[in-house]
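Numbering (my numbering), first residue to last: 221 to 812.
So the structure is just underneath, and the comments pick up after that.
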Amino acid sequence: MCGIVGYVGASPALLVLLQGLERLEYRGYDSAGVALLENGKLYVEKKVGKIRELVRSLWGKNLKAVVGIGHTRWATHGEVCELNAHPHTDNRGEFAVVHNGIVENYRELRQEIESAGVSYVSQTDTEAIVHLIALNYEGDLLRTVLKVVKKLRGAYAFAVISTREQSRIVAVKYGSPLVVGIGKEENFVASDIPALLPFTREVIPLNDGEVVDLRPDGVFIYDFEGNLLTKEAMHVPWDIISAEKGGFKHFMLKEIFEQPRTLSDTIRGYISRDMSLPFSLRDYRRVLIIACGTSYHAGLIGKYWIEKHAGVPVEVAYASEVRYANMPVGEQDLVLAISQSGETADTRFSALALKEKGATLLSLVNVMGSALDRESDHTLYTHAGPEIGVAATKTFTAQLAVLYSLAVSQRQDRQKEVENLLKVPHLVEEVLTRAEAVKNLALRYAHSKDFLYLGRYLSYPVALEGALKLKEISYIHAEGYPAGEMKHGPIALIDEKTPTVAIAPADRVYEKILSNVEEVLARKGKVIGVGFEKDERLKSLCDAVIEVPTVEEDLTPFLTTVPLQLFAYYIADYLGLDVDQPRNLAKTVTVE
Ligand code: AGP
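As structure tokens, then:
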């Protein structure tokens, strides 16, 4: 997620922009830049790396501008380099834009722009916005922006300044966050509240389809039709840290609740165009997925989807096990390395070893420009934004979205699957409305010493993931197991003190998982079910059931995982543990 800050007033804009951008650093970024209206001209400075690089390059420049925009870039389109950093300007240097989001139709817009004789210098989708504004400008920035937004498709928030209108910023919100800050004879705009708090606590969060016209003496908000809207400012009581958590107690909880948006951001990136891979999975004899931890669990689910929709054999292995094994791998193999950080040593070194043996290396990462991204032949990206909590949540479901898109992209007819996938963000939203019920259930079991998580088929990796979530943040022992395997030994563990979480959506193995639940009950075990709403059979067997909306079998992992994330979170929080930074753990394990 990129960060945007804008200022118009009577103080030096640069100070405001740099402080505001520093408050957005938690969002993660790979480059930063500012554009100022300095003595009637656009002054632009942008650097790859941290904000301190930008500060260093601005040192001693004595810039006095009182209007400016700033940006921290989390690359979605185009590599990490100065040319692709924001702000972006038109060829005549009269307009500057900073943007957060994805303009899905930027390729066709770029053709339109270049055929108008305008040179397009970067690899970004953002540059299309500034050129369209310059090409359509007829004397009023607001009217121009209202015209340009009708040409854009995707999710975006952007701000624009112009040498043609000195004391003005126009900004737009559609799909990506944008908040207005109200000051005295000065006004602000930013991607998130923390960037505003050093200057004002009076804020107006914009809604999708709104445009704000910022001037020193006033803020005017319109809809896309140009109708003036009346909006009340709200007072923000938070301190900075809680503002970065968006009012949530922990980053992990914020990230769990971000999933509807991060899923739609990720799905949008793939559904509106193909996977843009120069090969089909069927070009290979096998897909070998390697990963660690939560990413490994995503790979196990991806296996079922790819084998079902692409008909290609898939093997999933722990990266730490593959590197020193003698796995026969060659040019006929496609290695898919899954790593949200793109820096996990086990995954990177195993991937490189397999690439050495001739395999094609495709990676799935959340961080563009990460080591694995740079070392791979091809890369797919999740668009979950930086994940601050050590326990992976939103990046896991984003990985699932890409894996499902990859699997169904191999089908001739995938209309139904695409429609299914587009429903997922809303369905996850619905699951999240039941968080209070999950919390009440979690508190009933918070003092248990051992848990079993059982699932079959697509729910087996979900069981593994649910158990890992609980283990890593509550320090309670939890074991994920294939339900069908219980009778081969682990059922000896069952007693009335060991709760079993059974993930039991009514899918192809529903009858089987219900008989596994019966086996547990027969040994006085208590069962917490995770199943479809109004499933009376499951309810009759379980001590409690966490209900999720009824969906097609393929989609069940998206919905059954979320309650297990919440279940683990509420137990760990109840136990007073450091949910975001659990003991002994690092967010990225860069050692073997
Ligand atoms: C998951 O909650 C853990 N943080 C951990 O298992 C993590 O998934 C694993 O270290 C892999 O990280 P990666 O996806 O960045 O490679």
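Every residue gets a Cβ at the ideal spot worked out from N, C-alpha and C, and that includes glycine.
Whole angstroms is fine: what's the gap from residue i's alpha carbon to residue j's?
i, j, result
"Ala573", "Glu385", "57 Å"
"Leu784", "Ile349", "41 Å"
"Leu241", "Asn320", "13 Å"
"Val628", "Trp525", "8 Å"
"Ile333", "Val392", "21 Å"
"Ala579", "Asn804", "35 Å"
"Pro208", "Glu692", "Residue numbering for the chain in the displayed model covers 221 to 812; residue 208 lies beyond these limits and cannot be assessed."
"Glu637", "Phe752", "20 Å"
"Thr220", "Ala792", "Residue 220 is absent from the structure shown; the chain starts at 221 and stops at 812."
"Lys689", "Lys281", "49 Å"
"Asp412", "Glu475", "15 Å"
"Pro533", "Glu685", "23 Å"
"Thr309", "Leu257", "13 Å"
"Leu434", "Val341", "29 Å"
"Ser500", "His529", "12 Å"
"Gln343", "Val369", "20 Å"
"Asp593", "Lys759", "45 Å"
"Met221", "Gly429", "19 Å"
"Gly513", "Leu329", "41 Å"
"Thr564", "Asp800", "19 Å"
"Leu416", "Asn427", "18 Å"
"Pro802", "Val286", "44 Å"
"Gly168", "Tyr730", "The requested residue 168 is not part of the displayed model; the chain covers only 221 to 812."
"Lys266", "Gly288", "13 Å"
"Ile353", "Ala336", "13 Å"
"His646", "Asn311", "41 Å"
Select from the options the residue whose C-alpha is nearest the C-alpha of residue i.
i, options, result
"Asp813", "Leu600, Ser515 and Glu551", "The displayed coordinates of the chain run from 221 to 812. Any statement about residue 813 would go beyond what the structure contains."
"Lys717", "Gly605, Val740, Gly280 and Val555", "Val740"
"Gly253", "Glu607, Val275, Val737 and Ala571", "Val275"
"Ser735", "Met706, Glu328 and Met472", "Met706"
"Trp294", "Glu324, Gly248 and Gln479", "Gly248"
"Glu358", "Ala377, Ser382, Gln239 and Ala579", "Ser382"
"Ala233", "Gln343, Ala377, Met547 and Arg388", "Arg388"
"Ala712", "Lys691, Ser694, Ala726 and Arg743", "Arg743"
"Ser484", "Gly704, Ile322, Ala698 and Glu685", "Ile322"
"Tyr794", "Glu478, Val658 and Gly403", "Val658"
"Pro769", "Asp763, Val750 and Leu449", "Val750"
"Leu449", "Ala621, Ile441 and Val456", "Ile441"
"Ser561", "Leu362, Ser590, Tyr544 and Leu678", "Ser590"
"Ala655", "Lys284, Phe787, Ala612 and Leu426", "Phe787"
"Ile510", "Leu584, Gly438 and Lys367", "Leu584"
"Leu797", "Pro414, Val338, His470 and Ile271", "His470"
"Gly489", "Cys762, Ala687, Leu520 and Ala618", "Ala618"
"Ile766", "Glu772, Glu563, Asp774 and Glu756", "Glu756"
"Pro307", "Val264, Thr780, Pro425 and Glu639", "Val264"
"Val365", "Leu329, Gly531 and Ala379", "Ala379"
"Lys732", "Tyr789, Ile714 and Ala703", "Ala703"
"Lys367", "Val682, Glu541 and Phe444", "Phe444"
"Val622", "Ala604, Gln632 and Gly609", "Ala604"
"Ala724", "Gly229, Cys762 and Pro548", "Cys762"
Let's test the definition: count the other Cβ atoms within 10 Å of the Cβ of residue i and tell me whether it reaches 16, buried, or not, exposed.
i, result
"Lys577", "exposed"
"Ala539", "buried"
"Gly467", "exposed"
"Asn407", "buried"
"Phe778", "buried"
"Val811", "exposed"
"Gln481", "What sits at residue 481 in the sequence shown is Arg, not Gln. Buried: at least 16 other Cβ atoms inside 10 Å."
"Ser559", "buried"
"Gly709", "exposed"
"Leu663", "exposed"
"Lys284", "exposed"
"Arg676", "buried"
"Ser522", "Contrary to the premise, residue 522 reads as Gly rather than Ser in this sequence. When all chains shown are included, Gly522 counts as buried."
"Lys754", "exposed"
"Lys261", "exposed"
"Pro457", "exposed"
"Asn660", "exposed"
Please confirm if the region 591-603 is in contact with the region 460-477, defined as three or more CB-CB distances below 8 Å between the two stretches.
no
Taking the runs of the alpha helix (DSSP H) that are 4 residues or longer, which of them lie wholly in the region 630-691?
635-652 and 655-665
Please specify which runs of the alpha helix (DSSP H), each continuous and at least 4 residues long, are wholly inside the region 459-543, giving them in chain order.
460-464, 471-477, 479-491, 513-530 and 539-542
At a cut of 8 Å, does the region 693-706 reach the region 656-674 through at least three beta carbon pairs?
yes
Are the region 322-331 and the region 300-314 in contact at 8 Å, needing three or more beta carbon pairs?
No: the two stretches stay apart, fewer than three of their Cβ pairs being nearer than 8 Å.
Output the residue ranges of the beta strand (DSSP E) runs that lie fully inside the region 401-436 and measure 3 residues or longer, sorted by chain position.
407-410, 422-425 and 430-435
Hey, which unbroken runs of the alpha helix (DSSP H) at 4 residues or more fall wholly within the region 264-325?
271-278
Beta strand (DSSP E) runs wholly inside the region 722-782, at least 3 long, in chain order:
747-752 and 764-768
Would you list, in sequence order, the uninterrupted beta strand (DSSP E) runs of no fewer than 3 residues that lie entirely inside the region 230-259?
Annotation: the region 230-259 contains the following complete segments of the beta strand (DSSP E) (minimum length 3 residues), in chain order: 251-258.
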